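One structure below.
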Amino acid sequence: MSEHHIKLPEGSIEKTTTTLNLGPTHPATHGVMQNILELDGERIVSTEQTIGYIHRAFEKIAERRPLYQITPLTDRLNYCSSPINNMGWHLTCEKLLGVQTPKRVDYLRIIIMELARISDHLICNSIVGVDSGAYTGFLYVMQYRELIYEIYEEVCGSRLTTNIGRIGGFERNFNDIAFQKLEKFLNEYPRVLKEFENLFTRNRIFMERTIGAGAISGERALNYGFTGPNLRAAGVDYDVRVHSPYSSYEDFQFDIPVGTTGDCYDRFLVRNQEMWQSLSIIEQAYRKVQEFKGAEAEIYHADVPEYYLPEKKDVYTKMEALIWHFKIIMGEIDMPAGEVYHSVEGANGELGFYMISDGGRAPYRLHFRRPCFIYYQAYEELTKGAMLSDAIIVMSSLNLIAGEMDA
Amino acid sequence: MSALTNEYIKNKLTEKFGDQVTGFEEPYGMLTFESPKEANLKVLNFLYDDDTLKFRFLTDLTAVHYPNNTGKELAVVYHLHNIEDNVRIRFKVFTAINKPDVYTATGLFSSANWMERETYDFYGINFVGHPNLKRILNVDEMDYFPMRKEFPLEDQTRIDKDDEMFGRGGTVGFGTEKTTHGTITEEHKGNVGEEIV
Amino acid sequence: MSRPVSYNVKIKKLENDISMAEMPPGHQGDGFFATSLDKVIGLARKNSIWPLPFATSCCGIEFMATMGAHYDLARFGSERVGFSPRQCDLLMVMGTIAKKMGPVVKQVYLQMAEPRWVIAVGACASSGGIFDTYSVLQGIDQVVPVDVYVPGCPPRPEAIIDGVMRIQDLVGKESLRRRNGDQYKALLESYGIQ
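Chains as they are written, first to last, in our numbering: chain A, 98 to 504; chain L, 366 to 562; chain V, 304 to 497.
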């Protein structure tokens, strides 16, 4: 049957594009960001992103706060994996102050950071599932995020915005209950991750939704400033933990999963594999921590009297501890002048802290290098010519956390 | 192990640009230098194209406000990264506050696009040649540049906050202030200290 | 041949209370139960609230944990979370609301149909939280009338559930004529909502 059986005069049907507002409140946008899409039928012609709906002026607040009061601000950057932000900030301060942390502290920090990475990748992967219609995976894995939250609670007291650790280490030693919960997690979680993989990895519907959607090449990704799992899915194996190891990551044996095409399916697989690698790192770190015996097993912080609150029993009995306690609480400690840039491998990529200190109590300038903010610019290129449903999947597979984007 | 040390980078830069690159420092191991703002693209292009330097990844682009440096109040700071040899470098460009024009780096690095918009939003630096220089994080109607040092953190139009309770501002400090002249009122607050008598 | 008919002659005594909701006070007879209309409507409404999760930041992740299997908000009748304001009863604002987002919250609130309730989850939604800055709205009660505030940063899932239970109390006891009354109209006028 001929498709042109109706002869229409030229130019009578004007071809225009539809504007669709994927507004700040939308179930598909995790956190608040707005996308104005120009659609030609079902195909996307161009997009325009508006962000800043949760701009909380962290950098301005940080100019008024002493170093340890900035830690709660860093929590709220990438709130799905807040321990990584906290540890990154403490590592930056330790670089400025020239503090060397003992090995046990490093290994404990690694355990917490890798748990946070698992927690973040779980949210990202299960939300990719939810956005493509598969709600079950999300419900399965949320139960195991509760186990991770319980481990955080044992160490620092809170679940989500943890404010974990201090400059130089931790506020309290990990007790037996924390280690028991960690063992329970290590025993139960691999089975769940396997089940989650079985649901999605070779699932034909999921594969057809995600393969080919939002592909990007390695060179374009580097030009756009991608880092983290999104860059590794595009084929470039850049991981800050391996390139510039911090907190004794060089003592551990782990692989970096790398994809080929950089599309949503590759990102999903890279995050999945990273979770397996994180599990192996946690197991290695846990074994190493258990090797410390006796007095060494009681070390949980470095010696930084200017920034680490002394224990109460020392404050009541010793003079120096009393003086340090007073100075820290009243905010009378000056930090050395200098400028430092330190970055850690956050769950989304290279999370950098650029701090300029002028020798006062609060930083003169603190800037967060936020990976989400930088790679969201590429969204237009990722979705050019794609269908509307692909736009949703690309947005959720990029793991855009609004708190980190707007800071 | 590559021979890309800070010495080597400094020598290559001085031999190419002479006295246009100055201020070489190495705080915490990262080579830092500055150049006049007209030369920023030349330096960035040189660092990108040169086959031994290969700084092809823009890690960060931000700005700092130094209100006391007349003529050089705003500094644009670029952090560049050579991923293959794992070397980082910091490059600063100073500009005056009454004419803050800096050439844009978006031609070279696509990631500079939003980073420059954010810098414009916070500090008011006009990036010449930027495709879409408008505010990104703050509301579009805002008419000042909030991260500059002269602007306060809190919203000054709030009327519901009781500043007295926090010991700042208000007509009283921690209680009813009385001095030898009587109770302090708003107009006297400037010339007398907040004394608790 | 007809099937043999069997009746259940072994009646088991009820051991536990399996009622799903408290019976409101009323008059009971043989085959009827009489009570006042607002009690019945309150009972029905409070056990089937459809929330609209307006999750902006960290509190949104705690809400996701509340909806999960461990802390299950669906037991309270909120199984179906909707994202369309026209179909929802409860606007749950979770997370920091910046000044850029304020008009959006107001627009969503205006699109909701009466009766509607608002719960402000978290310190940022209640009062601006730790962000006393130029860009953060110091509490959503600057733009919409709020019924219940849940403090916390972020509040534990138990606290969010407690907030929803307080909303259920409000919904169950609300008079049917409240939305047409003068006091409610004055409240909306003070927010500039017609």
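Positions of the beta carbon are idealized from the N, C-alpha and C atoms, including for glycine.
Note that the structure is a prediction, hence the values are computed from the model and not measured.
- Message: Is the beta carbon of residue 152 (chain A) closer than 7 Å to that of residue 438 (chain V)?
- Response: yes
- Message: Is it the case that the segment 397 to 416 of chain V contacts the segment 443 to 463 of chain V, given that we only count it when at least three CB pairs across the two stretches are under 8 Å?
- Response: yes
- Task: Compute the distance between the beta-carbons of residue 428 (chain A) and residue 169 (chain A), then report whether it is under 7 Å.
- Result: no
- Message: By the 8 Å beta-carbon criterion, what residues does the segment 402 to 428 of chain L contribute toward chain A?
- Response: 421, 422, 423, 424, 425, 427
- Query: Does residue 494 (chain V) come within less than 7 Å of chain A when only Cβ atoms are used?
  - Reply: no
- Query: chain V partners of residue 258 (chain A), CB-CB under 7 Å?
  - Reply: 361, 456, 457
- Provide the residue span of the beta strand (DSSP E) that contains residue 367 (chain V), from first to last. Taken as a continuous stretch (DSSP letters only), residue 367 (chain V) belongs to no beta strand (DSSP E), being part of the alpha helix (DSSP H) at 361 to 370.
- Message: Taking its Cβ as the centre, do 16 or more other Cβ atoms sit within 10 Å of residue 349 (chain V), making it buried, or is it exposed?
- Response: buried
- Can you name the residues of chain L whose CB is closer than 7 Å to the CB of residue 438 (chain V)? 503
- Query: Exposed or buried, what is residue 404 (chain V) when buried is set at 16 or more other beta-carbons lying within 10 Å of its beta-carbon?
  - Reply: buried
- Query: Could you give the distance in angstroms between the alpha-carbon of residue 366 (chain L) and the alpha-carbon of residue 434 (chain L)?
  - Reply: Because the pLDDT at residue 366 (chain L) is just 40, under 50, the model does not fix this residue reliably, and the value given afterwards should be weighed accordingly. Between residue 366 (chain L) and residue 434 (chain L), the C-alpha separation is close to 41 Å.
- Query: Around the C-beta of residue 560 (chain L), are 16 or more other C-beta atoms found within 10 angstroms, so that it is buried, or is it exposed?
  - Reply: Bear in mind that the predicted position of residue 560 (chain L) carries a pLDDT of just 36, short of 50, making it unreliable; the figure below should be weighed with that in mind. Exposed.
- Item | Under 7 Å from the C-beta of residue 470 (chain A): neighbouring residues of chain L | 479
- Query: Over what stretch of residues does the alpha helix (DSSP H) that includes residue 246 (chain A) continue unbroken?
  - Reply: 233 to 253
- Query: If the cut is a Cβ gap below 8 Å, which residues of chain A does residue 485 (chain L) touch?
  - Reply: Per Cβ cutoff of 8 Å: no residues; residue 485 (chain L) is ~13 Å from chain A at best.
- Decide yes or no for the touch test of the segment 486 to 495 of chain L against the segment 460 to 472 of chain L: beta carbon pairs closer than 8 Å, at least 3 of them. yes
- Message: Under 8 Å, CB to CB, which of the residues in the segment 436 to 455 of chain L have a partner in chain A?
- Response: 442, 444, 448, 451, 453, 455
- Task: Please confirm if residue 187 (chain A) has its CB atom under 7 Å from at least one CB of chain L.
- Result: no
- Message: What does the Cβ neighbour count give for residue 497 (chain A), buried or exposed, with the cut at 16 atoms within 10 Å?
- Response: buried
- Query: Exposed or buried, what is residue 399 (chain A) when buried is set at 16 or more other beta-carbons lying within 10 Å of its beta-carbon?
  - Reply: buried
- Quick one: list the residues of chain A neighbouring residue 447 (chain V), beta-carbon separation under 8 Å, in chain order. Within chain A, no residue comes near residue 447 (chain V); the closest Cβ sits about 14 Å away, beyond 8 Å.
- Does residue 403 (chain V) come within less than 7 Å of chain A when only Cβ atoms are used? yes
- Query: Going by other Cβ atoms of all chains shown within 10 Å of its Cβ, with 16 needed for buried, is residue 322 (chain A) buried or exposed?
  - Reply: buried
- Query: Closer than 7 Å, CB to CB, is residue 489 (chain A) near chain L or not?
  - Reply: no
- Quick one, which of L:463, L:417, L:414, L:442 has its alpha-carbon nearest residue 427 (chain L)'s? L:442
- Query: Between the segment 419 to 437 of chain V and chain L, which residues of the former have CB atoms less than 7 Å from a CB of the latter, in chain order?
  - Reply: 435, 436, 437
- Message: Going by C-alpha to C-alpha distance, which of A:178, A:414, A:450, A:422 sits closest to residue 402 (chain A)?
- Response: A:422
- Item | Distance, residue 386 (chain V) Cα to residue 123 (chain A) Cα | 7 Å
- Query: To the nearest angstrom, how far is it from the Cα of residue 306 (chain V) to the Cα of residue 381 (chain V)?
  - Reply: 45 Å
- Query: With 7 Å set as the bound, which would you pick, yes or no: does the beta-carbon of residue 393 (chain L) sit closer than that to a beta-carbon of chain A?
  - Reply: yes
- Message: Less than 8 Å between C-beta atoms, sequence neighbours within five positions excluded: which residues of the same chain meet that for residue 470 (chain A)?
- Response: 148, 501, 502, 503, 504
- Task: To the nearest angstrom, report how far apart residue 317 (chain A) and residue 375 (chain A) are at their CA atoms.
- Result: 28 Å
- So what does residue 354 (chain V) bridge to, in DSSP terms? V:393
- Query: Which ranges does the beta strand (DSSP E) cover as unbroken runs of at least 3 residues, wholly within the segment 455 to 539 of chain L, from first to last along the chain?
  - Reply: 466 to 468, 491 to 493
- Message: Within 8 Å, do at least three Cβ pairs link the segment 176 to 185 of chain A to the segment 198 to 213 of chain A?
- Response: yes
- Message: Under 7 Å, Cβ to Cβ, is there at least one residue of chain A near residue 400 (chain L)?
- Response: no
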